[in-house]
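**Student:** Structure incoming, see below.
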């Protein structure tokens, strides 16, 4: 048996593979298992091929894993779309719809088993429709690999309850039919089949149920937890779920949601609502962040708290809307004209998505500064288990002026921290002027160069305060390491798992993952660099943006710094990162060259 089970489901539109993955992950969570589900789609707006990968384990899960133990393929044409993203293990077991034969061009490993199963035929016999073939497959998987069948049946009853008892009964019949499939008769020519299946059966005992949610869901929940009362946005993949969730739930807690005509208007509404004294945010993706940049400058110069949640996807332009890429880093850190302070956070997993949005509001409100969250599509749209007890966080609010300060209210009063007490419209004696012009301490327009220098210094002093209070760094591995991995965002999971695998092999590998990218925790990075013989910077974009950003302020050790970067479209695997580690440990290897 195994304590780590990875399944891949592939099909065409209507095959229900995403539903299968969702139901299986939720069943696992109800049994107390850790679960991670990652979906992938073709470029079509509707229909088309899709895949769903589910990883289940009683132990912590850090990433989607390297290879797939078991596959169910309803459409080989659909699999062809995803073959570069799906890596069957050397001894994988592949089940496919019997009416869709294996294409001659499919190359399998010598120990990979392929078994045709008449899912459609069995579904028609059990439920009267071939559409329930996905439920038949779930029943088969539960029976063969000790997956959580009881909560899966309960999930079917909940999911189809509104469609009537007949639909519920037909789907339960389908799952029963799948559990009774005689695999020995279908694969009589496969030697030691039962032993191979036994080796892949999941070894676990039932535990306390866990929460299961996506990064976008965690972000929406975290925003409400932080006290967000206003959201304005425009639908854009892959962040639309935040708009949808808050559109349903925020009005229930006296909040307001507006879907605007474009992203510029959305962020303008956010700045206006925050000026009025309400915690406010928007969500978007790269193209939308480009449109918001002008309004970002207004938020910065007028020192109005505001939060942008940006989910990165493959770019530029429309690019690959449904795939992950870490290529918005430069835009988030440097985007905009003039000297514009902002904070940038990067969650690393679903639980992080909750905490990062809360901290984004805390930083924005405490320091009166725009905050951008850079989440990867991979984290934003995959679902993971987490413990409810972990969703607790301190909440901070903006500083209001005292009665004495209101006697001669200077909205932009010079302070050591750069933060000036802020009122809202309607506060007696608290009226002030604000706009996009440079101004004096009262908010009155002032074009003098000395005042401009003074106000720039005031605004940027906030970054020192943020840096001293919020370092948001994760470090894994030994204090002294042969190789130190420096990465960010969704790469945290693979990096953490690599460190644990290296420890098991007796290798000294460490990892440094910052959750705050601007202002960057430089002191912590310097300490990490000094503790490692070799440095490997890992990121998912073509131009090595993270490496170049680090090089702009950090003393990366010459001759010992290596970069592994690649475009988005497919998540990096641990194996390919470990291969790069092995290369840099070879004495003859030279540091990786990166374009200037």
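Numbering (this note's numbering), first residue to last: 120 to 715. All C-beta atoms, glycine included, are put in the ideal place defined by N, C-alpha and C. Remember, predicted model here, so these are calculated numbers, not experimental data.
Restricting to Cα atoms, I'd like to know which of 424, 441 and 458 is closest to residue 543.
**Tutor:** Translated into the one-based positions of the chain shown, residue 543 becomes position 424. Among 424, 441 and 458, the Cα nearest to that of residue 543 belongs to 424.
**Student:** Taking the alpha-carbon of residue 213 as reference, which of 199, 539, 190 and 672 has the nearest alpha-carbon?
**Tutor:** Counted from its first residue, the chain shown places residue 213 at position 94. When only C-alpha atoms are compared, the closest one is 190.
**Student:** For residue 595 and residue 570, I'd like the C-alpha separation in whole angstroms.
**Tutor:** For the purposes of this step, residue 595 is taken as the residue at position 476 of the chain shown. For the purposes of this step, residue 570 is taken as the residue at position 451 of the chain shown. Each residue's Cα considered, the two are about 46 Å apart.
**Student:** Exposed or buried, what is residue 335 when buried is set at 16 or more other beta-carbons lying within 10 Å of its beta-carbon?
**Tutor:** The count along the chain shown starts at 1 and reaches residue 335 at position 216. By the 10 Å Cβ count, residue 335 comes out buried.
**Student:** Under a three-way DSSP split, which group does residue 511 fall into?
**Tutor:** On the chain shown, residue 511 is found 392 positions in, with the first residue counted as 1. Coil at residue 511, not helix or strand.
**Student:** Note the first and the last residue of the continuous alpha helix (DSSP H) segment covering residue 153.
**Tutor:** Stepping through the chain shown from its first residue, residue 153 is reached at position 34. No alpha helix (DSSP H) holds residue 153; the beta strand (DSSP E) holding it covers 153-160.
**Student:** If we ignore side chains and look at the alpha-carbon of each, how far apart do residue 414 and residue 664 end up?
**Tutor:** As a position in the chain shown, residue 414 is number 295, starting the count at 1. As a position in the chain shown, residue 664 is number 545, starting the count at 1. Distance between the alpha carbons of residue 414 and residue 664 is about 24 Å.
**Student:** Looking only at C-alpha atoms, which of 591, 610 and 511 sits nearest to residue 497?
**Tutor:** By 1-based counting over the chain shown, the position of residue 497 is 378. The shortest Cα separation from residue 497 among 591, 610 and 511 belongs to 610.
**Student:** Here's the rule I'm using: 16 or more other beta-carbon atoms within 10 Å means buried, otherwise exposed. How should residue 514 be labelled?
**Tutor:** As a working mapping, residue 514 is identified with position 395 in the chain shown. Residue 514 comes out exposed.
**Student:** For the beta strand (DSSP E) that contains residue 190, what are its first and last residues?
**Tutor:** Working through the chain shown from its first residue, we reach residue 190 at position 71. Where residue 190 is concerned, the enclosing beta strand (DSSP E) stretches over 187-192.
**Student:** What are the uninterrupted segments assigned as beta strand (DSSP E) that are 3 or more residues long and contained completely in the stretch 531-613, given in chain order?
**Tutor:** Counting whole runs of 3 or more residues, the stretch 531-613 contains the beta strand (DSSP E) stretches 592-595 and 600-605.
**Student:** Under the rule that 16 or more other beta-carbon atoms within 10 Å means buried, what is residue 678, buried or exposed?
**Tutor:** Against the chain shown, residue 678 aligns to sequence position 559. Under this definition residue 678 is an exposed residue.
**Student:** What is the C-beta distance between residue 357 and residue 404, in whole angstroms, given that I count them as a contact (C-beta under 8 Å)?
**Tutor:** Working through the chain shown from its first residue, we reach residue 357 at position 238. Working through the chain shown from its first residue, we reach residue 404 at position 285. The Cβ separation is near 6 Å, so the contact holds.
**Student:** I'd like to check one pair, residue 481 with residue 451: are the Cβ atoms closer than 8 Å?
**Tutor:** Numbered from 1 along the chain shown, position 332 holds the residue referred to as residue 451. Numbered from 1 along the chain shown, position 362 holds the residue referred to as residue 481. Not in contact: residue 451 and residue 481 (Cβ atoms no closer than 8 Å).
**Student:** Return the first residue and the last residue of the alpha helix (DSSP H) that residue 411 is part of.
**Tutor:** As a first step, residue 411 is located in the chain shown; it is residue number 292 there, counting from the start. 405-420 is the extent of the alpha helix (DSSP H) around residue 411.
**Student:** Suppose contacts are defined by Cβ-Cβ distances below 8 Å. Is residue 148 in contact with residue 553 by that definition?
**Tutor:** Locating residue 148 in the chain shown gives position 29, where the first residue counts as 1. Locating residue 553 in the chain shown gives position 434, where the first residue counts as 1. Not in contact: residue 148 and residue 553 (Cβ atoms no closer than 8 Å).
**Student:** Pairing CB atoms from the stretch 657-675 with CB atoms from the stretch 435-449, are three or more of them under 8 Å?
**Tutor:** As far as the Cβ criterion goes, the stretch 657-675 touches the stretch 435-449, which means the pair count is three or higher.
**Student:** Of all the options 467, 523 and 538, which has the alpha carbon lying nearest to the alpha carbon of residue 548?
**Tutor:** Position 429 of the chain shown, counting from 1, holds the residue named residue 548. Of the candidates 467, 523 and 538, the one whose C-alpha sits nearest the C-alpha of residue 548 is 523.
**Student:** When you compare the CB positions of residue 411 and residue 342, do they come within less than 8 Å of one another, or not?
**Tutor:** One-based indexing of the chain shown puts residue 411 at position 292. One-based indexing of the chain shown puts residue 342 at position 223. Not in contact: residue 411 and residue 342 (Cβ atoms no closer than 8 Å).
**Student:** Could you check if residue 605 is buried or exposed, using at least 16 other CB atoms within 10 Å of its CB as the buried criterion?
**Tutor:** For this step, residue 605 is matched to residue 486 along the chain shown. Answer is buried; the Cβ neighbour count reaches 16.
**Student:** Helix, strand or coil: how does DSSP classify residue 303 here?
**Tutor:** Within the chain shown, residue 303 is the residue found at index 184, counting from 1. Helix at residue 303.
**Student:** Report all residues from its chain with a CB closer than 8 Å to the CB of residue 298; omit the five preceding and five following residues, and keep chain order.
**Tutor:** Your numbering for residue 298 matches position 179 in the chain shown. Contacts found: 258, 259, 261, 262 and 268.
**Student:** Less than 8 Å between the C-beta atoms of residue 616 and residue 181, yes or no?
**Tutor:** Your numbering for residue 616 matches position 497 in the chain shown. Your numbering for residue 181 matches position 62 in the chain shown. Contact flag set, yes.
**Student:** Determine the direct distance from the alpha carbon of residue 669 to that of residue 225, and round the result to whole angstroms.
**Tutor:** The residue labelled residue 225 in the question sits at position 106 within the chain shown. The residue labelled residue 669 in the question sits at position 550 within the chain shown. Looking at the two C-alpha atoms, the distance is approximately 43 Å.
**Student:** What does DSSP give as the partner residues of residue 664 in its beta bridges?
**Tutor:** In the chain shown, counting from the first residue as 1, residue 664 sits at position 545. Partner(s): none; residue 664 has no beta bridge.
**Student:** Grab the span of the alpha helix (DSSP H) containing residue 329 for me, first residue to last.
**Tutor:** Walking along the chain shown from the start, residue 329 turns up at place 210. Per DSSP, residue 329 belongs to no alpha helix (DSSP H) and is neither H nor E.
**Student:** Comparing alpha-carbon positions, which option in 255, 239 and 256 lies nearest residue 249?
**Tutor:** Here the question's residue 249 lines up with position 130 in the chain shown. Closest by alpha carbon: 239.
**Student:** Quick one: grab the DSSP three-state call for residue 651.
**Tutor:** Here residue 651 corresponds to residue number 532 of the chain shown, with the count starting at 1. Residue state, collapsed to three classes: strand.
**Student:** Grouping DSSP H, G and I as helix and E and B as strand, with all else coil, what is residue 378?
**Tutor:** Reading the chain shown from its first residue, position 259 is the one you call residue 378. It is a strand residue.
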